[in-house]
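These notes are about the structure you will find just below.
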Amino acid sequence: MADEGAAECLFERLRMHQQRAPDAAEVARSITAKINSRLSSHDKLIRQSTLDKLWNKQTGAIQMLLSILESSRDTPTSTYITSILREALCLKQGKGKKCSVANEVPTTKKKDTKKSGKENKLPIFKKANNVARQQCSLHFISLNGTQVVLRTLLSTHSKRDSNVSTELMLQDLVWVLAALAPRDPKFAMKVRMLGCVRTMHLILKGHFTDNKLIFPLLVILKQLAKNSVTTSILIRDGAIATYERVLVSLGYIPTARLRLCLDAIDYFSKNKVCCMQIVKTGLCSVLIRVFDRWDRYEGRMRLKICAHILQTMQHLCNIKAGRRALCIKKHVQILHRFCAQCPDEIEFDGLLARVCSVITLCLKHQALPVPSTSPASFNLNPILKGTNTMWPCHEDDEDGANSDSKTINSDLEDDGPDSDIEGIDEYPDIEFDNETEIKTEDIEKSQIAKSGESLQSAVWFNPNEREIEDLKKYYIYFKEFGSYNKQIRLVKSRSNSRGSILDDIFNPQTSGNRYQQSSSNLSLAGGIGITDYDAVLGLSHSFSQGYHKIHESTSTTSCSSLKIHKDISKVGNFASVYSTISSRVRSIIPFVKVAYPDMTGGQGFNQPEPLNKMERIACRNKLLSCVERAINPESYMNEVVYDLDSLCASSTTTESTAQKSLSTDNLCLNNTDEQEITKMNTFASRLSFESRFESGNLRKVIQVGLREYELILMPDVNSPKRHQWFYFEVRNMQQGRPYVFNIVNCEKSDSQFNFGMKPVMYSVKEAVLGKPGWVRVGSDICYYRNSYHYANLKSNKCYLTVTFNIEFPHTNDVCYLAYHFPFTYSMMMTRIWQWSTQMPPNAYLRAEPLCYSLNNNEVPLLTISAEDAPSNPIVDREIIFLTARVHPGESNASWVMDGTLDYLMANTQAAAALRAKYVFKIVPMLNVEGVINGCHRCGLTNEDLNRRWCKPSPVLHPSIYHTKGLIEYLVRVWKKPPLVYCDYHGHSRKKNVFFYGCAGAESWCSNDRLVPDEPVKYLMLPALMHRISPAFALGSCSFRVERERESTARVTVWRHLGVTRSYTMEASFCGFDRGPFKGFHLNTQHLQGVGSDFCEALNGLGDNANGVDIQLTKDLNGNIVEIHLADAADNSELAVDSEPGSGSDSVLKTDSDEDFD
-11 MADEGAAECL
-1 FERLRMHQQR
9 APDAAEVARS
19 ITAKINSRLS
29 SHDKLIRQST
39 LDKLWNKQTG
49 AIQMLLSILE
59 SSRDTPTSTY
69 ITSILREALC
79 LKQGKGKKCS
89 VANEVPTTKK
99 KDTKKSGKEN
109 KLPIFKKANN
119 VARQQCSLHF
129 ISLNGTQVVL
139 RTLLSTHSKR
149 DSNVSTELML
159 QDLVWVLAAL
169 APRDPKFAMK
179 VRMLGCVRTM
189 HLILKGHFTD
199 NKLIFPLLVI
209 LKQLAKNSVT
219 TSILIRDGAI
229 ATYERVLVSL
239 GYIPTARLRL
249 CLDAIDYFSK
259 NKVCCMQIVK
269 TGLCSVLIRV
279 FDRWDRYEGR
289 MRLKICAHIL
299 QTMQHLCNIK
309 AGRRALCIKK
319 HVQILHRFCA
329 QCPDEIEFDG
339 LLARVCSVIT
349 LCLKHQALPV
359 PSTSPASFNL
369 NPILKGTNTM
379 WPCHEDDEDG
389 ANSDSKTINS
399 DLEDDGPDSD
409 IEGIDEYPDI
419 EFDNETEIKT
429 EDIEKSQIAK
439 SGESLQSAVW
449 FNPNEREIED
459 LKKYYIYFKE
469 FGSYNKQIRL
479 VKSRSNSRGS
489 ILDDIFNPQT
499 SGNRYQQSSS
509 NLSLAGGIGI
519 TDYDAVLGLS
529 HSFSQGYHKI
539 HESTSTTSCS
549 SLKIHKDISK
559 VGNFASVYST
569 ISSRVRSIIP
579 FVKVAYPDMT
589 GGQGFNQPEP
599 LNKMERIACR
609 NKLLSCVERA
619 INPESYMNEV
629 VYDLDSLCAS
639 STTTESTAQK
649 SLSTDNLCLN
659 NTDEQEITKM
669 NTFASRLSFE
679 SRFESGNLRK
689 VIQVGLREYE
699 LILMPDVNSP
709 KRHQWFYFEV
719 RNMQQGRPYV
729 FNIVNCEKSD
739 SQFNFGMKPV
749 MYSVKEAVLG
759 KPGWVRVGSD
769 ICYYRNSYHY
779 ANLKSNKCYL
789 TVTFNIEFPH
799 TNDVCYLAYH
809 FPFTYSMMMT
819 RIWQWSTQMP
829 PNAYLRAEPL
839 CYSLNNNEVP
849 LLTISAEDAP
859 SNPIVDREII
869 FLTARVHPGE
879 SNASWVMDGT
889 LDYLMANTQA
899 AAALRAKYVF
909 KIVPMLNVEG
919 VINGCHRCGL
929 TNEDLNRRWC
939 KPSPVLHPSI
949 YHTKGLIEYL
959 VRVWKKPPLV
969 YCDYHGHSRK
979 KNVFFYGCAG
989 AESWCSNDRL
999 VPDEPVKYLM
1009 LPALMHRISP
1019 AFALGSCSFR
1029 VERERESTAR
1039 VTVWRHLGVT
1049 RSYTMEASFC
1059 GFDRGPFKGF
1069 HLNTQHLQGV
1079 GSDFCEALNG
1089 LGDNANGVDI
1099 QLTKDLNGNI
1109 VEIHLADAAD
1119 NSELAVDSEP
1129 GSGSDSVLKT
1139 DSDEDFD
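For the sequence shown, this note's numbering begins at -11 and goes up steadily by one.
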């Protein structure tokens, strides 16, 4: 108690001095000297009580000391204060190395935690003091203490005298800054703004042999190295040469100082100028020598030291001089020796991967053994001719081998049926009373423009909003609501106010461009005919094809106007119909066959298949084999066994191929796999490959070993990149022998193949024996960076390899391997044909072409509901709008959509109730060209169509343009936005199934956050899915609206079209890490089940959406852990819990966020 009273008295005297006589230097010197003596006392109680007063914010001691330090010119007083601050902010420093390390490395070894008794209580006591020091440091930073200490350091260093007190003060100031630097996020900026960067470097140059200062100086310089601006200043000031001397003086002893030095060099090396200086100063050789002694280090220090050196080497490989410096034979031998001697422990796997990466990067660039131009190229110039649209693909200007030379418009004119349209005179001539609403909108927009609002305000108005006159033509896709006149009357009857936007729309006086043809009509597949109203709407004759049948059959239960279904028998089996449809599909590279799995339905094997457990030893061996092949390529086989470029070049000339693409209807594709497997065994020396079928993707195969093959995938059409999806055929195998497949041109920095995913295989012999289905196969699966470099010489990036071993179940079999369960365009069209021929009672199905793709393939639109009835008018039903497969490599999205459609067309009470409740508008495949041609991300324009929803082109992005047009028609003309919009996707970095939604409270735009949110609207459907679907992971759902997602379907439909329940449903390519299926792969039955579960959730949506209060429980990462739904009517509660985890497995940040939407 006496000690506490004495400490309290001292701080009270300090406070009185500051208030009454701040200029009395002797008084301040006396008080600070006494406080400093108490802190340096050998009595722990005295020291602890004084520290407690300093750490207590209520005393204001730190603020008083800072004020005195900033204003005092008395050197002894400043020396005492800096000593006090050091004691308050830094750990107690002893003579040994342990205390120094403790400030930077708080973790301890596992064996140290097993101590007992008195030794075990000491860390607890120290931990409490450390927490207090951290809080005091943050308080000190908030008081601008960093700037005060920096200014004091500048004035102290400028004196440059040999006074002992000055030197002690300099030491204390450096230690205080070392304590503040890791905790002050703006430390580097403050140092730079005060002009202290070179000063810190000068202190390091003068004290790099001083054991008392080298550690805190290295901590400070490391923080400065993290900032790119201060890094540039230090590099210009010669910091690399200084670090070379520091590293030599530290030697090879594994201390915290050595680790800090290497860590800072790692940060510096991110700058290419620094890399050049590292090479010139000889620091590169010093780093190699330090790394060569890796086996003399121990524990985590060895791992950290080696990791920092290897990361620096990877940065050096970004410049030619760095690669030349590392490519010296002696250096390569040191790295290769590490590969041979690396301990077989999991902690060293990361180091081994980095060493292999450095070896492959520093070796001579090895390009992929394929031409720079892909055989899958499509000439867009004929399509763009006569329009104002520009070709987005500037890198590929050559004509494709199978490009269609016709424009879309001409193709539509040739293929349309010669039929007149009845009832055109029903189209209304409406006169309008006023233009108030349009004028109001114009005034509001002009006010926003004049006010100079930022992008956050501008985003509230859709700059690409289409004219209502342009939207009128979409009424033909809503014939279930009656004629156009009837639709307008229904809308008017729902409207309670005069001067609605519809009155302005159809006023002839406001339609200045009503007779001008819009470019949006180029690819629209339906129409309203060739009477006088063609001029009113500005429609061409090509717009009318298929309409007559739709118009006449509105009272029937099923109708398909899809051209691809023409003349197909209603009694045909799936295989024959599939072959017929596939023969009518237009492709870029001519197909030679129909894939057997697709022809038979493509279902997966309905048995639980556990996730793969990575074999570390096998992956190590494959990684080392890759390095060995890069060093000694001549010791391996190099025989080409499949080359799509040669096959395409030798098959036909460009002219004959173009002619052939115009007559694909006469070409009949089939499959002879069942006949092939019955032939005599030939025991060929190598496998045979094929990928020229729908959704196939394989460009080249090179045999590098007796049973080892390197596979190169095709890029997306008109693109040099985007390799992930693969689908190909293999034959001539032998049973029971492991074959190694290395796909060597993958691009993503990490993959689910490293976290349990296996590829899928379909065996024709197994199917003939009665076990049809895709199965997960493969062993020794791993994913790593290889020695093949990108073709772009400016980039030093290497491709990645996914490798797996397969033992085929039969000899002389025909097997198909794929990234995921394929679902082709022809399979979708065949399924639509099936549903149209097997209609349940009172169901309504209409299948029609929404538009044509760039290569003249139909994009289907499905309308599903129950037949109109007086007791349940179809016009009163809510609308559900669903889309899928905008990314062609996400075939799991199509399987989920298949489950949804199968549920809707089932003859069950639940399906009938859902049809009676809603009208479903479904575009099951948005990117048909990408799916047909085996692309991963894009279609024929080398553009991600899910980044074109804000401003889609009617010429280049017809499916997006017209799908958005349909929703816009519902919102602005029909005046009834969809109740739910959902876009089905696949996800390559997460497990389970989950939603992405839109919440204004979690938007990047501040204006969104100002609008009151109604969480029940967008959280009810995920909550219902979590209750119903065992595959759904609520904890993985996210409702953030990010700026870079503004042009996706989900955000565009939410923001610009006002659909609150706008979602992306993501299904994993891999499997589950929660729920009843935890530890198992997804199969087609799971995916179809998710689609049907979504329908059940929709069935319960309307019943539970109103009068419900909702509360969220989130974890520290912002993931939803629990949803409480409380019914206001009966006060009942429902808690929906979510297991944690369900996050991305990827330990490496990907090059892009392609997986999200």
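Just so you know, even glycine gets a beta-carbon here, dropped at the ideal spot from N, CA and C.
Could you compute how far the alpha carbon of residue i sits from the alpha carbon of residue j?
i, j, result
"Asp385", "Arg960", "Annotation note: pLDDT 33 at Asp385 (below 50); position unreliable, no value reported."
"Leu842", "Asn915", "10 Å"
"Tyr906", "Asn473", "22 Å"
"Cys(-3)", "Leu209", "40 Å"
"Glu0", "Gly133", "21 Å"
"Lys254", "Val629", "According to the sequence provided, residue 254 is Asp. The question's Lys does not apply to it. Computed Cα separation, rounded: 44 Å."
"Glu14", "Leu235", "45 Å"
"Asn44", "Thr144", "29 Å"
"Gly758", "Met745", "26 Å"
"His324", "Arg342", "12 Å"
"Glu414", "Glu453", "With a pLDDT of only 34 at Glu414, under 50, the local geometry of the prediction cannot be trusted, and no value is derived from it."
"Lys601", "Lys174", "44 Å"
"Leu611", "Ile619", "13 Å"
"Pro760", "Gly592", "8 Å"
"His303", "His319", "16 Å"
Let me check understanding here. Comparing Cα to Cα, which of the options lies closest to residue i?
i, options, result
"Cys770", "Glu1002, Arg26, Phe792, Thr134", "Phe792"
"Gln36", "Val15, Ala76, Glu678", "Ala76"
"Arg1028", "Asn685, Pro760, Val1039, Ile955", "Val1039"
"Cys1058", "Asn742, Ser775, Thr197", "Asn742"
"Glu457", "Thr1036, Arg873, Ser679, Glu956", "Glu956"
"Ile266", "Gly744, Pro1064, Gly226, Ile700", "Gly226"
"Thr70", "Met157, Ser739, Ser575", "Met157"
"Gln723", "Trp962, Lys753, Arg290", "Lys753"
"Phe714", "Lys979, Met177, Arg925, Met1008", "Arg925"
"Asp62", "Gly592, Ile605, Pro876, Ala21", "Ala21"
"Asn860", "Ala894, Asn880, Met817, Ala904", "Ala904"
"Ala857", "Asn830, Ser707, Cys839, Val320", "Asn830"
For the alpha helix (DSSP H) that contains residue i, what are its first and last residues?
i, result
"Met157", "152 to 168"
"Phe562", "562 to 572"
"Tyr465", "Taken as a continuous stretch (DSSP letters only), Tyr465 belongs to no alpha helix (DSSP H), as it is neither H nor E."
"Ala904", "897 to 905"
"Phe326", "317 to 329"
"Thr187", "185 to 195"
Pop quiz: residue i and residue j are said to be a contact at Cβ under 8 Å. What is the actual Cβ separation, rounded to whole angstroms?
i, j, result
"Met885", "Gly1079", "6 Å"
"Thr230", "His189", "7 Å"
"Leu756", "Ser365", "The amino acid at residue 756 is misidentified as Leu; the sequence shows Val. With a Cβ gap of about 38 Å, Val756 and Ser365 do not count as contacting."
"Tyr750", "Pro912", "In fact, because the Cβ distance is near 23 Å, the residues do not count as touching under 8 Å."
"Cys1025", "Gly985", "7 Å"
"Val137", "Leu165", "6 Å"
Output the boundary residues of the beta strand (DSSP E) element that contains residue i.
i, result
"Ser767", "767 to 777"
"Gln691", "688 to 691"
"Ile731", "726 to 734"
"Tyr804", "802 to 806"
Unbroken alpha helix (DSSP H) runs of length 4 or more, entirely within the segment 206 to 277: which are they? 216 to 224, 227 to 238, 244 to 256, 260 to 268
List in chain order: all unbroken alpha helix (DSSP H) runs of 4+ residues lying wholly within the segment 1015 to 1067. 1037 to 1043
Just list the alpha helix (DSSP H) runs in the segment 949 to 1013, keeping only unbroken ones of 4 residues or longer that don't cross its boundaries, in chain order. 994 to 998
Could you tell me which whole alpha helix (DSSP H) segments of length 4 or greater appear in the segment -5 to 71? Fully enclosed alpha helix (DSSP H) runs of 4 or longer: 13 to 27, 32 to 43, 49 to 59.
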